[in-house]
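Undergrad:
4 protein chains.
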Amino acid sequence: MSARPERLRVEGIAPGSVRVGGRAPASSDPLILAGPCAIESEEQALRIARRVAASGATGFRGGAFKPRTSPYDFQGLGEEGLAILARVRRETGLLICTEALDGEHLDAVARVADVVQIGSRNMDNPSLLARAGRCGRPVLLKRGFAATLDELLLAAEYVVANGNPRVLLCERGIRTFCDHSRATLDLHAVLRLRARTGLPVLVDPSHAAGLRADVLPLARAAAAVGADGVLVEVHDRPEEALCDGPQAISPDELDQLVGDVRALGGARPLGRCAS
Amino acid sequence: MSARPERLRVEGIAPGSVRVGGRAPASSDPLILAGPCAIESEEQALRIARRVAASGATGFRGGAFKPRTSPYDFQGLGEEGLAILARVRRETGLLICTEALDGEHLDAVARVADVVQIGSRNMDNPSLLARAGRCGRPVLLKRGFAATLDELLLAAEYVVANGNPRVLLCERGIRTFCDHSRATLDLHAVLRLRARTGLPVLVDPSHAAGLRADVLPLARAAAAVGADGVLVEVHDRPEEALCDGPQAISPDELDQLVGDVRALGGARPLGRCAS
Amino acid sequence: MSARPERLRVEGIAPGSVRVGGRAPASSDPLILAGPCAIESEEQALRIARRVAASGATGFRGGAFKPRTSPYDFQGLGEEGLAILARVRRETGLLICTEALDGEHLDAVARVADVVQIGSRNMDNPSLLARAGRCGRPVLLKRGFAATLDELLLAAEYVVANGNPRVLLCERGIRTFCDHSRATLDLHAVLRLRARTGLPVLVDPSHAAGLRADVLPLARAAAAVGADGVLVEVHDRPEEALCDGPQAISPDELDQLVGDVRALGGARPLGRCAS
Amino acid sequence: MSARPERLRVEGIAPGSVRVGGRAPASSDPLILAGPCAIESEEQALRIARRVAASGATGFRGGAFKPRTSPYDFQGLGEEGLAILARVRRETGLLICTEALDGEHLDAVARVADVVQIGSRNMDNPSLLARAGRCGRPVLLKRGFAATLDELLLAAEYVVANGNPRVLLCERGIRTFCDHSRATLDLHAVLRLRARTGLPVLVDPSHAAGLRADVLPLARAAAAVGADGVLVEVHDRPEEALCDGPQAISPDELDQLVGDVRALGGARPLGRCAS
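Residue numbers (the working numbering), protein chains in the order written: chain A, 1 to 275; chain B, 1001 to 1275; chain C, 2001 to 2275; chain D, 3001 to 3275.
In structure tokens:
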């Protein structure tokens, strides 16, 4: 199998010109999407979202539908979570990025989200990808944790071939023999993806690190290597988080991350690196 | 995360007593499901199925809905393929095993299939797993190619927790650094899965090997290690196959495989190995 | 880089005709090398060796020089261990296989050993491989746990190119993301190595499994897939073993293993499978 | 097995105070070791070394003894290469870093080198590590391409336990399923190693990328994540290089790399990150 990167290059959006939700970030600004792993309550979401807005991040991320390895873990608030996200959007003006887990809920997600996330576990789900291609929203497609870049680009093709060229790719770590990371962050992939397509490439340091202390330096590295943005988990009370608390940074750490990523990413206008 | 194997052990079906489609194979017989990767036409399916029946295999496998990495590859005949499978069943009496790719088609698949297959790429798809738990048919759950055994067992839990204890697990190779296999067949997983659950464990040597010449000896190894059965791709005109021709064995090779697997597997009654 | 398998095929020894230590096993007999991970004392070595001889195994394996990950672990008895191995050879008539860790001790090892083992960690050590090529003894070369087959064959070339065509290859498991094995046993490699070279290919199920209960079924699978022999760790008091006790099988289990491997391997004469 | 990081922490040298060859770099300066993969001739080495010196890099790296996968590839100039390195040192004043492949040549290497490199393939070679512990020079220890961090730290222990606390660790990429990199650069390892030991941690982006165009941005990422320095391959005529030409950057690119790494690394004094 061989990916058809030239097609993505032609149909893709130029880095720096991505218009998510109708609003165009300044071309030199990295996209920073921050928020809790899961929407746990309206109070929790609004409390954290206000801190995210104050940090200068571009958007708010949080899961209403959660893909969990175990059927006995918290599966998200579902439709109620989407209603909370809509309120976060109204109150803070932040872009909303949230995940669609299956075709059944995709339209409901797309009504609320400025960016519809397709998670790592669904990168290989062609019917969901095809539906995402018809949802009318930019799609944030996370690389599967055992996917080659060809496979990621072909997954993007399922979205693009169904009429939606607004795809953002996201590196979030791959599965290796290593036991010191939740997943091994493959920053080289950012360079290769940018060299092969015109699609923006984001990095999620939180799921790769699995550890709060390492999120900020990995986000710095992502910006230095030329990523178009980062996706990061933030929680103000991580010990109470229903999901992934140990990897959530604090709002204060987010302030520093936004500054660092802007400084490092801003130094090199998007679209010029690694070609 | 820790899987809850004791639950699967309690609710699972004892190896050797698996009743697929209402018919119980003799307890010392390995389950052998053979057929082409994809249903390509009625003529092709019936032609191969007659050879499968003559070989003494238990069932016929073939995809009506095909999960493909690229949107530009053959995606299967869909509903038409299911109708062909129904005719194969009537004409040959073979058990039918075919894959359900998404919730939308699951009920249609379950009407035709004696065993509903959930493929590797959907092992991480909780909503499909939950639906499979309610489909009323035994479910053949293939291990994701980067899944740990805990993750596979928790995926099985999604099926079991939704009311369906008739789950068959299938090892089909994992993704590693190796370049000589399509996937590295992990036969040790068969032993660990049998030690941890009461569910039958099958092996698919075809997708692991990716190469016709190696399918038979890997199937022998699977039987020798104690697998409860094998899933194998067969085609009489592999050079014309629309999908995975290079790994399909011939009907003559299937005859040998059925004999070898029976001889090796039959030597040790199911349910007694690897404890 | 591309391996030059045709060279190995030309210079290699035909499977079934390997003459280790001047004695040719019957061509249909798998080679079974069994013994403790480490030589711990003369009494321990002789006690276990007598049981190995009684089982019908071909040779005795045991480490005098042990490659250990930590400098604080037992490093082997060294020269004293070699003297013990010489006595085992005299008393039992078993072939002796033991590891050479570095060039300094290679000659001393080669004086005692019928087969000089180069371990996984030294597969990438060209100066040791070159010396092994000049040692005058058959060399058992274990695959590195992250080595491709090309790399293994090129390592064999270092031995062959230095004048020694008597190389036996050994698959002992590779490093993957899996957490249920010490290493993932890659039995497909046995088929590919046999298809590409004329060298005998052994399998070490002990280091792959890491768990006593799984050694016997994996050895059966190795025989069924067509391996030319197995290397297996045995201890009669595993709880006292200074090294790798949990993966050592008992002498009684060895009796069964020898019978099973002979039955499965003997069913198919060496040199005819997987071509 | 568990590494004993506290010991390394106690005996290690504080980041920022590493004195290689008796000269202490300013504490806020990253260590930049640059040069060709292999010393090919005196003229080539001096020509490149002058450009390395002009770039402001700290030292010159180049192999006199080359570990090659194939016995038919160029194996380095050996002793002659060491003599050339000695001349490079005299003429340019650059620190010299070169690899010792086996114990036989270690003393000769240590007479010329300010830093003795132990390569990835020898990280598992305890006798070479022990000798390096007695060589009287700082040791640059590269992580094996399938080594966990515990294994790397235990390899460092072999050096330290033999009397040499001056160890520099180096991440150079790990072996994964990815086909877009020569090795997957694991920058998270830099953070974990710095958190667990007081040893300096360098990064080699050249061997990971395998591709010239990606070396500079990966070096930037290494600096941004907090590495204490980089090891980089440079060649002015890469098309003529006897080894690894495709990953060698040009002297002009080295100028930019030195500037970028200093700017990014200098922004955060060594020893303060990732705690």
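No residue lacks a Cβ here, since even glycine has one placed at the ideal position from N, Cα and C.
(1) Considering only residues of the same chain and omitting the five flanking positions on each side of C:Val2203, which have a CB-CB separation below 6 Å?
(2) Grab me the residues of B:His1188's own chain with a C-beta within less than 6 Å of its C-beta, minus the 5 sequence neighbours each way, in chain order.
(3) Let's see if you can read the secondary structure: which residues bound the alpha helix (DSSP H) around B:Gln1247?
(4) Can you tell me which of the three DSSP states D:Arg3061 falls into?
(5) In whole angstroms, give me the CA-to-CA distance for D:Gly3245 and B:Asp1214.
(6) Name, please, each residue of chain D whose Cβ falls closer than 7 Å to the Cβ of B:Arg1175.
(7) Which whole runs of the alpha helix (DSSP H) in the stretch 2175 to 2255 of chain C are 4 residues long or more, in chain order?
(8) Anything in chain A within Cβ reach of B:Asp1102, meaning under 7 Å, just list it in chain order.
(9) Which chain A residues are close to B:Arg1166, counting only those with a beta carbon under 8 Å from its beta carbon?
(10) Measuring alpha carbon to alpha carbon, tell me which residue in D:Arg3131, D:Val3139, D:Met3123 is nearest D:Ala3147.
(11) When DSSP labels each residue in this structure, what does A:Ala38 get in the three-state scheme?
(12) Is the CB of D:Gly3265 under 8 Å away from at least one CB in chain A?
(13) Considering only residues of the same chain and omitting the five flanking positions on each side of B:Ala1034, which have a CB-CB separation below 6 Å?
(14) If we define contact as Cβ-Cβ less than 8 Å, is C:Pro2071 a contact residue for chain G?
(15) How long is the line joining the alpha carbons of C:Thr2184 and D:Thr3176, rounded to whole angstroms?
(16) Closer than 8 Å is the cut-off here; do at least three beta carbon pairs connect the stretch 103 to 122 of chain A with the stretch 131 to 144 of chain A?
(17) Which chain B residues sit within Cβ distance under 8 Å of A:Arg68?
(18) Could you tell me which chain D residues have their CB closer than 8 Å to the CB of C:Arg2121, listed as they occur along the chain?
(19) Using beta-carbon positions only, say whether D:Ala3130 and D:Tyr3158 come within less than 8 Å of one another.
(20) Secondary structure at A:Thr69, three-state DSSP: helix, strand or coil?
(21) Comparing the C-beta of A:Gly144 with each C-beta of chain D, is any distance below 8 Å?
(22) Considering only residues of the same chain and omitting the five flanking positions on each side of D:Arg3023, which have a CB-CB separation below 6 Å?
(23) Can you give me the C-alpha to C-alpha distance between B:Arg1061 and B:Cys1097, rounded to a whole angstrom?
(24) DSSP state of D:Gln3044, grouped into three classes?
(25) Strictly under 8 Å for the Cβ-Cβ distance: is D:Arg3192 near chain A by that measure?
(26) Using the three-state DSSP reduction, which class does D:Thr3092 fall into: helix, strand or coil?
(27) Using a Cβ-Cβ cut-off of less than 8 Å, list which residues of the stretch 1214 to 1235 of chain B approach chain C; keep chain order.
(28) Counting only C-beta atoms, is C:His2188 closer than 8 Å to chain B at any point?
(29) Among D:His3180, D:Ser3127, D:Arg3182, whose alpha-carbon lies nearest the alpha-carbon of D:Arg3161?
(30) Check whether the Cβ of A:Pro15 lies closer than 8 Å to any Cβ atom in chain B.
(31) Quick check on DSSP: helix, strand or coil for B:Leu1140?
(32) Taking the alpha-carbon positions, what's the A:His207 to D:Cys3243 distance?
(33) Under a CB-based cut-off of 8 Å, is D:Leu3254 close to chain C?
(34) Can you tell me whether B:Arg1089 is buried or exposed? The criterion is at least 16 other CB atoms within 10 Å of its CB, across all chains shown.
(35) At a Cβ threshold of 8 Å, is D:Ser3206 touching chain A?
(36) Of the residues C:Val2116, C:Pro2238, C:Gly2076, which one's Cα is nearest the Cα of C:Ile2039?
TA: The structure says:
(1) Glu2171, Ala2222, Ala2227, Val2230
(2) none
(3) First-last for B:Gln1247: undefined, no H or E at that position.
(4) strand
(5) 37 Å
(6) Phe3177
(7) 2187 to 2196, 2205 to 2209, 2212 to 2225
(8) Gly103, Ser127
(9) Here the premise fails: no neighbours, minimum Cβ distance about 17 Å.
(10) D:Met3123
(11) strand
(12) no
(13) Val1052, Ala1057, Val1232, Val1234, Leu1254
(14) Of the protein chains in the structure, A, B, C and D, none is chain G.
(15) 14 Å
(16) yes
(17) Pro1126
(18) Asp3124, Asn3125
(19) yes
(20) coil
(21) no
(22) Because D:Arg3023 carries a pLDDT of 43, less than 50, the predicted location of this residue cannot be relied on, and no value is offered for it.
(23) 5 Å
(24) helix
(25) yes
(26) helix
(27) Asp1214, Pro1217, Leu1218, Arg1220, Ala1221, Ala1222, Ala1223, Ala1224, Val1225, Gly1226
(28) yes
(29) Reading off the sequence, residue 3161 of chain D comes out as Ala, not Arg. D:Ala3161 has its Cα closest to that of D:Ser3127, out of D:His3180, D:Ser3127, D:Arg3182.
(30) Note that A:Pro15 scores a pLDDT of 40, beneath 50, so its modelled location is shaky; the value from the coordinates is reported in the next line. With 8 Å as the cut-off, A:Pro15 does not count as an interface residue toward chain B.
(31) strand
(32) 37 Å
(33) no
(34) buried
(35) no
(36) C:Gly2076
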